[in-house]
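Adding 5 to a residue's 1-based position in the sequence shown gives its number in the working numbering.
Ideal Cβ placement from N, Cα and C applies to all residues, glycine included.
First up is the structure itself, then whatever we jot down about it.
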Amino acid sequence: MQLFLDSADVTMLKDLAATGLVDGVTTNPTLIAKAGRPMLEVIAEICEIVEGPVSAEVAATESQGMLAEGRKLAAVASNVVVKVPLTREGLIATHAFAREGIQTNVTLCFSAPQALLAAKAGATYVSPFIGRLDDYGAVGSELISEIRAIYDNYDFDTEILAASIRNPAHVTAAAIAGADCATIPPPVFKTLFKHPLTELGLQTFLSDWKKTGQSIL
Ligand code: E4P
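Spelled out as structure tokens, the structure:
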């Protein structure tokens, strides 16, 4: 399973990319607004930090505008993935991007039929938003299971990118449901390393080791 960071905070990305555990990055207009800098500049910097796919979202709502913006974004670096909304216009653009060899991440997916259409349009990734579905009273991870079954039934190459992840349990649920990737906000990513029993166990081991008076080196 690939782990992406859902952030446009370059400092945070550098810190976590240093672990070697970050396979890619996703951004969206909200995250770019938080960064408070020109989008193309931010995306270029992120692409230098992370070798893997970096999603950059279009702002146009009509396919022709999405195509123009997407081509400009894709020209920033070879690892840019153009993110388009899961709308009729977005899927028209996705189909055209696929024919041009431009990678896409079809975002704001909230149903299995939407995911089926994204795959048929030739999306590289589809992003089901599990946290927002949970907020709405549904079980977001069930959508991932449904998409997994559909994509496996028909051998679609589109990768399932679990998005809108709010906690470590969402990461577990996405992995069990068979997501190919999960995009995780940095604060949640940091909690994945931790467990109180790991801390406690390590303290005991270190204190017992000290008693031996030994040194390994
Ligand atoms: C995914 O690509 C989106 O940027 C993101 O996961 C949305 O998450 P949110 O629902 O927490 O805003």
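Between Cys-114 and Ala-123 a beta carbon distance of about 7 Å is seen, short of the 8 Å cut, so the two are scored as contacting. The residues Phe-134, Ile-135, Gly-136 and Arg-137, in chain order, have a CB closer than 6 Å to that of Ser-169 in the same chain once the five nearest residues on each side in sequence are set aside.
Look at Gly-29 here: in three-state DSSP terms it is strand. At least 7 Å separates the beta-carbon of Ser-12 from that of Pro-173. Runs of the beta strand (DSSP E) spanning 3 or more residues and lying entirely within the segment 41-127 occur at 59-62, 85-90 and 109-114, in chain order. The Cβ atoms of Thr-109 and Val-89 sit closer than 7 Å to each other. By the C-beta density criterion, Ser-146 is buried, having at least 16 other C-beta atoms within 10 angstroms. The beta carbon of Asn-33 sits closer than 6 Å to at least one heavy atom of the ligand E4P. Residue range 164-167 is occupied by the beta strand (DSSP E) that includes Ala-167. Relative to the ligand E4P, even the nearest heavy atom lies 6 Å or more away from the CB of Asp-139.
With respect to the 7 Å criterion, Leu-91 and Gln-69 are not classified as neighbours on the basis of their beta carbons. As computed with DSSP, Leu-10 is found in a beta bridge with Val-30 and Ile-189. Annotation for Tyr-159: the continuous alpha helix (DSSP H) segment containing it runs 145-159. If you ignore the 5 residues before and after Val-81, its C-beta comes within less than 8 Å of the C-beta of Leu-45, Ile-48, Ala-49, Cys-52 and Ala-61, all in its own chain and listed in chain order. Ile-54 has its alpha-carbon roughly 6 Å from the corresponding atom of Lys-19.
Taking C-alpha positions only, Ala-126 is separated from Leu-222 by approximately 58 Å.
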